[in-house]
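Q: In the UniProt record's numbering, the protein residues as written are 1 to 147.
1. So, helix, strand or coil for residue 165, using DSSP?
2. Check residue 104 in the structure and name its three-state DSSP category.
3. Terminal residues of the continuous beta strand (DSSP E) containing residue 111?
4. DSSP on residue 63, reduced to helix/strand/coil?
5. If contacts are defined as beta-carbon pairs under 8 Å, then residue 47 and residue 19 qualify, I think. What distance do you get, rounded to the angstrom?
6. Please report the distance separating the alpha-carbon of residue 74 from that of residue 15.
7. What is the residue span of the alpha helix (DSSP H) that residue 8 lies within?
8. When you compare each of 79, 76, 124 to residue 95 by their alpha carbons, which one comes out closest?
9. Rounded to whole angstroms, how far is the Cβ of residue 54 from the Cβ of residue 113, which I believe are closer than 8 Å?
10. Between residue 88 and residue 60, what straight-line distance do the alpha-carbon atoms span, to the nearest angstrom?
11. Check this for me: beta carbons of residue 42 and residue 141, under 8 Å apart or not?
12. For residue 105, which residues of its own chain have a beta-carbon under 7 Å away from its beta-carbon, when the five flanking residues on both sides are left out?
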């Protein structure tokens, strides 16, 4: 793995570790309970985040993707065990995607995002930024739930 990508992978692992700490010990009911009808729950936030990561990791590898990352926000039920399994799997997928990239590939087009077109280097960084953004929602949801 390139040093640059190793550094980003290390940051990804650290962000994931802090999320693990935030949800460790929560019951399935706490994962799926919404603080209000117009709020997301922890399950939908994390499932969305994991789906976006999967899309970004596939794009880093140059693989086609057809992942509806909005689906968890529209759902009315969530499978917490499945989300937890996805979490472990995503950590493996991240390592594969980051390990796969060569120095030349980092400058190749990565994706067209809401911020514009990004190369693969920027896409890897944006994947972490997106997860970190949603990480910040978890303490808010927990506070509103009184957890």
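Think of the CB as a built atom: it goes at the ideal place given N, C-alpha and C, for glycine as much as any other residue.
Everything numeric in this text was worked out from a predicted model, so none of it was measured.
A: Looking at the atomic coordinates:
1. Beyond the ends of the chain as shown, which are 1 and 147, falls residue 165; an answer cannot be given.
2. coil
3. 109 to 113
4. coil
5. In fact, because the Cβ distance is near 13 Å, the residues do not count as touching under 8 Å.
6. 25 Å
7. 3 to 23
8. 124
9. In fact, because the Cβ distance is near 15 Å, the residues do not count as touching under 8 Å.
10. 19 Å
11. yes
12. 120
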